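Undergrad:
2 protein chains.
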Amino acid sequence: MTGLRERKRARTHAAISEAAIALFLARGFDEVSVAEVAEAAEVSKRTLFAYFPAKEDLVVHRFADHETEAARVVRARPPGTRPLVALRDHFLDGLRRRDPITGLNDVPAILALVRMVLETPALRTRMIRFQEGAERALAEALQDTAGVPALTARLAAVQVVGVQWLLAADNSVALTGGRSADARYPEAVAAAEHAFALLAGGLAERL
Amino acid sequence: MTGLRERKRARTHAAISEAAIALFLARGFDEVSVAEVAEAAEVSKRTLFAYFPAKEDLVVHRFADHETEAARVVRARPPGTRPLVALRDHFLDGLRRRDPITGLNDVPAILALVRMVLETPALRTRMIRFQEGAERALAEALQDTAGVPALTARLAAVQVVGVQWLLAADNSVALTGGRSADARYPEAVAAAEHAFALLAGGLAERL
DNA sequence: TCCAGAACTAGACCGAGTGCAAATATATAC
DNA sequence: GTATATATTTGCACTCGGTCTAGTTCTGGA
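Protein sequence lines, in the order shown, are assigned to chains A and B.
Using the working numbering, the letters of the first sequence map in sequence onto residues 2 to 208.
Using the working numbering, the letters of the second sequence map in sequence onto residues 2 to 208.
Structure, rendered in structure tokens:
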């Protein structure tokens, strides 16, 4: 199954990405050229682009899994559970587990990476594609499993995904400001609960 | 006040943008180089970049005004009006007026431009900066005039702006599919009313 | 009229990304 | 094991967006 070819490919892929991220973290994404990354990874520039379609992907491919995470949560929820509740509980669980995607992980290597993504325009821009993908996948999941019209599902997906990103960005900003994940945790939980309560109950009461 | 210098600048700005859009509409955004645009506008490439910071801005600068539109609507609402109601009414009025920003304008030149923006990844990406700016401005307006906490204001802004874009994109897709703005109008109104009702009442009832 | 500063220009330059043809490594058939 | 088909890698030239430099032209104001 996993021939030499496949294994070698996987190793090359990892080697390029690791060389890239090390250089980017040390000197900044914009201050390192792909030629330098290729040299550090001991491949040609041409080969680098055979593995990663664009410079930004050297970094953001690590977050690719999360694109369909919300959709999976909705599809895998226990029968009788409301989608919104499943999403909220999953997010709160992510906070508890210090899942990097919640912005609440202060392991230096991870925090530095998240910071770089949020602070580098080109990387933020690339991340938005994941956000769009997440919206689409979540909308489909809601439509399939909650028996709700397509428009409603899509509107809900936009709201949920947008809110989750805002929560994660806020947490990341707090940690970047020097707080520990443990110190931020209670506020992160409060913010998440407030956000999901707002999603569930609507804005009418407050606006 | 408006000396020759200023007028000349404005004329050059318009000339470059018009030359660019004409070429882009004729052959596609990616198939025209900035060098060609500069040549068509009879300026040097360097001058072009003195007026527009990036190729994408040759197109999207036309939508720049709308960045603060939602915020202005909230700030200018009659006393006693709820922000969400003001935003909904403004959007519905935009539909009635066939405001291009609602996606419901089928004047060929405008529709073609909107289509190009939505279908060209680089342009869509650039538009997202406006979306982020709109979120920030709206959040501030809500915080200033509705006496609501900062987090609540920001969460609401993300939801509102995201929903408005979705509605506009849907309308544009419908017109691109060949329908007239008048034919689409009733659906557009229904979709908008549904969306704002969802924002106001929350997702709990349906999800 | 003259000067300071703004606007413009040509051309070299940089980095991201692609196309191509040659070279090398791996898998498979015999 | 050899030969052959198929991936993979490579160097190199090229395009395009965008910047830098240095020098030129134009405009507003004293």
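Heads up, the beta-carbon is just placed ideally off N, CA and C, and yes, glycines get one too.
Model, not experiment: these values are computed from the prediction.
1) Can you give me the Cβ contacts of residue 144(A) inside the same chain, cut-off strictly under 6 Å, excluding the 5 residues immediately before and after it?
2) Is DSSP giving residue 203(A) helix, strand or coil here?
3) Does any residue of chain A bring its CB to less than 7 Å from the CB of residue 83(B)?
4) What three-state label does DSSP hand residue 55(B) in the structure shown?
5) Would residue 2(A) pass as an interface residue toward chain B - the criterion being a Cβ-Cβ separation below 7 Å?
6) In chain order, what residues of the same chain have a beta carbon less than 7 Å from the beta carbon of residue 33(A), not counting five sequence neighbours either side?
7) Since residue 68(A) and residue 163(A) should fall inside the 8 Å C-beta cutoff, what is the C-beta to C-beta distance between them, to a whole number of angstroms?
8) Could you tell me if the beta carbon of residue 37(B) falls within a distance shorter than 6 Å of some heavy atom in the ligand FAD?
9) In this structure, how does DSSP classify residue 99(B) when only helix, strand and coil are distinguished?
10) Contact between the stretch 49–63 of chain A and the stretch 118–125 of chain A: three or more CB pairs below 8 Å?
11) Going by DSSP in three states, residue 18(B) sits in which element: helix, strand or coil?
12) Kindly indicate which three-state DSSP category residue 137(B) falls into: helix, strand or coil?
13) Let's test the definition: count the other Cβ atoms within 10 Å of the Cβ of residue 108(B) and tell me whether it reaches 16, buried, or not, exposed.
14) Of all Cβ atoms in chain A, is any one closer than 7 Å to the Cβ of residue 199(B)?
15) Given a limit of 7 Å on CB to CB distance, which residues of the stretch 151–177 of chain B reach chain A?
16) Residues of chain A with CB closer than 8 Å to the CB of residue 126(B), please, in chain order.
17) Using a C-beta to C-beta distance shorter than 7 Å, which residues of chain B count as neighbours of residue 205(A)?
18) Can you list, in chain order, the residues of its chain with a C-beta nearer than 7 Å to that of residue 200(B)? Leave out the 5 residues immediately preceding and following it.
19) Between the Cα of residue 203(A) and the Cα atoms of 180(B), 117(B), 158(B), which residue gives the shortest distance?
20) Under three-state DSSP, which class holds residue 153(A)?
21) Cα separation between residue 195(A) and residue 207(A)?
22) Using a cut-off of 9 Å between C-beta atoms, extract the partners of residue 91(A) located in chain B.
23) Tell me which residues share the same chain as residue 20(A) and place their Cβ nearer than 8 Å to its Cβ, disregarding the 5 neighbours each side in the sequence.
24) For residue 104(B), count neighbouring C-beta atoms within 10 Å of its own C-beta (all shown protein chains included) and say buried if the count is 16 or more, exposed if not.
25) Under 8 Å, with one C-beta from each stretch per pair, do the stretch 69–88 of chain A and the stretch 166–175 of chain A reach the 3-pair mark?
26) Return yes when the Cβ of residue 168(A) is within less than 7 Å of the Cβ of residue 193(A), no when it is not.
27) Going along chain A in order, which residues have a C-beta closer than 8 Å to the C-beta of residue 196(B)?
28) At the 7 Å Cβ level, is residue 149(A) part of the contact set with chain B, yes or no?
29) Let's test the definition: count the other Cβ atoms within 10 Å of the Cβ of residue 2(B) and tell me whether it reaches 16, buried, or not, exposed.
30) Taking DSSP as the reference, what is the three-state secondary structure of residue 107(B)?
31) Which one of 100(A), 148(A), 30(A) has the shortest CA to CA distance from residue 245(A)?
32) I'd like to know whether the C-beta atoms of residue 16(A) and residue 72(A) end up nearer to each other than 7 Å.
TA: In short:
1) Closer than 6 Å at the Cβ level, and outside the excluded window around residue 144(A), lie 151, 154.
2) In the structure shown, residue 203(A) adopts coil according to DSSP, grouped into three states.
3) So yes, residue 83(B) belongs to the interface.
4) coil
5) Confidence is the limiting factor: at residue 2(A) the pLDDT is only 48, short of 50, which leaves the residue's position unreliable and the question unanswerable from this model.
6) 24, 25
7) Not a contact, Cβ separation roughly 15 Å.
8) The ligand FAD is not among the ligands present in this structure, which contains no ligands whatsoever.
9) DSSP, reduced to helix, strand and coil, places residue 99(B) outside both helices and strands of the structure shown, so it counts as coil.
10) yes
11) helix
12) Residue state, collapsed to three classes: helix.
13) exposed
14) yes
15) 152, 153, 155, 156, 157, 159, 160, 163, 164, 167
16) Neighbours of residue 126(B) on chain A, chain order: 126, 129.
17) 85, 201, 202
18) 85, 160, 161, 164
19) 158(B)
20) helix
21) 12 Å
22) Residues of chain B passing the Cβ test: none, with the nearest at roughly 14 Å.
23) Excluding sequence neighbours, residue 20(A) sits near 38, 41, 42.
24) buried
25) no
26) yes
27) 152, 156
28) At least one beta carbon of chain B lies nearer than 7 Å to the beta carbon of residue 149(A).
29) Residue placement at residue 2(B) cannot be trusted, given a pLDDT of 47 that sits under 50; what the coordinates show is reported in the next sentence. Flag for residue 2(B) reads exposed.
30) coil
31) The requested residue 245(A) is not part of the displayed model; chain A covers only 2 to 208.
32) no
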